[in-house]
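Written out below as structure tokens is the structure these notes cover.
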Amino acid sequence: MTLPTEQLAGRLEGLREEHRQLIAQGLSLDLTRGKPSSAQLDLSAPLLSLPGEGDYRAADGTDCRNYGVLQGLPELRELWGGLLNVPAAQLISGGNSSLALMHDSVVAALLLGTTDGPRWVDTPGVAFLCPVPGYDRHFGLCEKLGIELIPVPLTEEGPDLDVVKRLVAEDARIKGMWCVPTYSNPTGATYSERTIRELAAMPTAAPDFRLFWDNAYAIHHLTEDEVTIPDVLGLCAEAGNPDRAFLFASTSKITNAGSGVSFFGSSPANVKWLLGHLSKRTIGPDKINELRHMRFLPDAEAVRAHMRRHRDILAPKFELVRQILAEELGGLGIASWTEPAGGYFISLDVPEGTASRVVELAKQAGVALTPAGATYPYGKEERDSNIRIAPSYPPLDELAAATRVLATCVKLAAAERTA
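To convert a position in the sequence shown, counted from 1, into this note's numbering, add 13.
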């Protein structure tokens, strides 16, 4: 049932009663983080029996049980370099967390400097641009290290270029920008070719400016139309800024989230720079894990087939959320939401000043949501209107129930505000 917006206030008591009934059900549902479901993790169950007893040698004869090979197994880098648009020689493979590689890169720049600049801690302040809404863990990393966060609007084609280009040209404190270029977290936006070209070529006041290019969802498609983006490293080199981009990715949502493989890609100089720092922290990655990944997903077609199986599990969940939101909130004029073609999230916008109230009402009814403002620096959104939805983890019945509770809470919060 849909109602004109002005009638919501007249339904306030009815919505409150509906909310009380939801509370009485004693639900315990969760739409917070974009974790793979158990069914998705089951797709990679064969990994647990690989590489097999007595078979520990990589393609070049390396005994993967031993020390060494700091950059990662060559065959793994060759395979994933092709999938990520990075030459194998310019790719590092590491542990299960790409966030750890992001942390190492930021800390190394802060304490030791970059290939083309001094230690960031010796400069008068450090700031990062943060397209919003965006990924809370990116923001939290910078906040923990005392880096100022400057929000910039995220459009359907990427960060607002007019804002970005003006800021980086006039402020030498701006050393980096967080980017999720494919199926952005949480909106699902994919950067256009024009956006990527201009980010690669734009003048910056800081000579050591870096694009922190987190291509976490590069192959996480929800439709048969598999989006690809231009080669950012190649475009940076073409524009005369070969060291500008740090590319990150991982298999965390492809195989086992707790035991995947992460990747860092960049210019030859930046790869040498990071390997020099990593060599003081580790003698090498978990090559047994890298070997088991190669045995499980030996070529690009195997990876693509595996991702299609993920899509078969995920796509119905995203479609279910879309259908329920359209049924419950469509036509009311109080909410809008993204319909991503990939990634792990849906971005929901509710009336200004009500997102925190929606989250509070949902919690009362037994549904956990990501805190309002989490998709903005410092956890604060001035408009208080954005909520990130993560459909991946719950089974369909729980997802449906949680989404209906969410829709009721959106209507109730809007009715309270207009009453």
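Where is the CB? At the ideal position from N, CA and C, for every residue including glycine.
Take L310, set aside five residues on each side of it, and the residues of its chain with a beta-carbon closer than 7 Å to its own are V316 and H319, in chain order. Residue R257 holds the alpha-carbon nearest to the alpha-carbon of E211 among R257, T236 and H234.
Counting the other CB atoms within 10 Å of its CB gives R33 a total below 16, which places it among the exposed residues. Positions of the beta strand (DSSP E) runs, each at least 3 residues long and wholly inside the segment 79-120, are given as 104-107 in order along the chain. Pairwise C-beta distances place the segment 321-336 in contact with the segment 51-68, as three or more of them are shorter than 8 Å. Between E314 and F331, the alpha-carbon positions lie close to 25 Å from each other. Check the Cα spacing between N399 and each of A387, F152, S41 and T268: the tightest is with A387. It is roughly 12 Å from the alpha-carbon of F276 to the alpha-carbon of P100.
The secondary-structure analysis by DSSP pairs N399 across a beta bridge with D362.
Taking 7 Å as the cut-off, the Cβ atoms of L28 and K300 do not count as close. In this structure, the CA atom of D173 is about 29 Å from the CA atom of S405. Going by DSSP, C249 is part of the alpha helix (DSSP H) stretching over V245 to E251.
Of the residues R322, I232 and N254, the one whose Cα lies closest to the Cα of L97 is I232. Between Y204 and G356, the C-beta spacing is not below 7 Å.
Within the same chain, L304, R305, R308 and F309 come within 8 Å of L63 by CB-CB distance, once the 5 residues on both sides are set aside.
G189 sits buried, since 16 or more C-beta atoms from the chains shown fall within 10 Å of its C-beta. With at least 16 other beta carbons inside 10 angstroms of its own, R223 counts as buried. In the structure shown, the three-state DSSP call for P144 is strand. In the DSSP assignment, A262 falls within the beta strand (DSSP E) that extends over A258 to S263.
Counting C-beta atoms within 10 angstroms of its own C-beta, Y80 has fewer than 16 neighbours from the protein chains shown and is therefore classed as exposed. In its chain, beyond the 5 residues on either side, F152, E156 and L162 have a beta carbon closer than 8 Å to the beta carbon of Y391. With contacts defined by Cβ atoms closer than 7 Å, A381 and D43 form a contacting pair. For K48, the three-state secondary structure derived from DSSP is coil. Rounded to the nearest whole angstrom, the CA to CA distance from A219 to P298 is 33 Å. One thing to note: V418 has its Cβ no nearer than 7 Å to the Cβ of L167.
Between the C-alpha atoms of A427 and Y389 there is a straight-line separation of about 22 Å. Taken in chain order, the complete alpha helix (DSSP H) segments of 4 or more residues contained in the segment 320-376 number zero; there are none.
Looking from the CA of L246, the closest CA among L342, V119, H290 and L104 belongs to L104. A Cβ-Cβ separation of about 4 Å places A213 in contact with C249 under the 8 Å criterion. About 6 Å separates the CB atoms of W191 and G147; that is less than 8 Å, so the two are in contact. Secondary structure of P166 (DSSP, three-state): strand. Note: S275 is bridge-paired with G107 and S263 in the DSSP secondary-structure output. A straight line joining the alpha-carbon of E352 with that of S263 spans about 24 Å. Taking 7 Å as the cut-off, the beta carbon of S292 is found closer than this to the beta carbon of L83. In the three-state reduction of the DSSP assignment, H233 falls in the coil class. P87 and G94 have their C-alpha atoms spaced approximately 10 Å apart.
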